[in-house]
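Residue numbers (our numbering): 10 to 257. C-beta atoms are modelled at their ideal positions from N, C-alpha and C, and glycine is treated no differently. The structure appears right after this line, and notes come after that.
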């Protein structure tokens with residue numbers, strides 16, 4: 010497959026992004042846009058970055074993999090584009106319902122009952138995650154192998170914070186945080202959980218909750234406002250995903 014084939018595949022993935030934007034406007038459904046944007050970055054953008062000399066391929070020779078070449082990379086992109094086309098086509102044909110977000114998400118009584126419990130759960134989970142991270146650090150410093158001697162449960166424990174951060178985002182969207190002080194505390198939780206879950210080995214999990222929070226905060230907004238929040242969130246998610254990949 011030639012350079013013309015690369016251009017054709019790239020245009021196909023760009024077309025899916027455009028269709029994803031139109032789908033958001035029409036159906037209030039971000040799934041096609043999220044999938045097409047992520048796949049465009051993973052396959053098209055990174056291949057173009059290699060060809061333009063902006064990046065160099067990762068050396069996986071120690072794991073028995075042959076060096077990457079243009080033809081094999083293009084074959085992978087062709088298969089990925091075909092899979093993306095089938096996936097999104099089937100999804101759009103089956104998803105015919107417009108997703109409208111109600112103005113009232115929950116009763117004030119439920120929000121008042123849930124808010125302090127979510128905050129308390131978040132504090133407890135953050136403290137446990139910090140202790141787990143400290144324990145892992147001590148074991149690694151003593152010479153233990155992360156793959157064979159350090160418990161994977163300790164390493165993955167911060168992922169429990171993903172549920173907490175999504176609950177906090179839902180509370181924020183529901184208007185449960187009335188004062189600036191409460192909003193400041195919620196922002197501190199976002200920052201703390203970002204710090205504890207942003208790791209090169211867990212970049213896909215980080216990307217997942219970051220995108221979920223973006224969708225929650227953008228739901229129910231006007232088209233322009235929603236596009237702004239989604240744009241900032243998607244660009245930030247992809248940028249942090251790329252940074253985590255480089256740190257790996």
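Counted as a single uninterrupted DSSP element, the alpha helix (DSSP H) harbouring residue 117 occupies residues 117-150.
In the three-state DSSP reduction, residue 40 falls in the helix class (H, G or I). Closest in C-alpha terms to residue 30, from the list 248, 235, 251 and 246, comes 235. Shown here, residue 153 sits in coil according to DSSP, grouped into three states, outside any helix or strand. Counting C-beta atoms within 10 angstroms of its own C-beta, residue 16 has fewer than 16 neighbours from the protein chains shown and is therefore classed as exposed. Secondary structure at residue 192: helix, using DSSP grouped into helix, strand and coil.
A residue is called buried when at least 16 other Cβ atoms come within 10 angstroms of its Cβ; residue 76 does not meet this threshold and is exposed. Within the stretch 72-99, complete alpha helix (DSSP H) segments of at least 4 residues are not found at all. Setting aside the 5 residues that flank it on each side, residue 242 is surrounded in the same chain by 223, each with a C-beta closer than 6 Å to its C-beta; the list follows chain order. Between the stretch 179-199 and the stretch 214-221, the count of Cβ pairs shorter than 8 Å is below three; the stretches do not touch.
Only exposed fits residue 165, as fewer than 16 other CB atoms lie within 10 angstroms of its CB.
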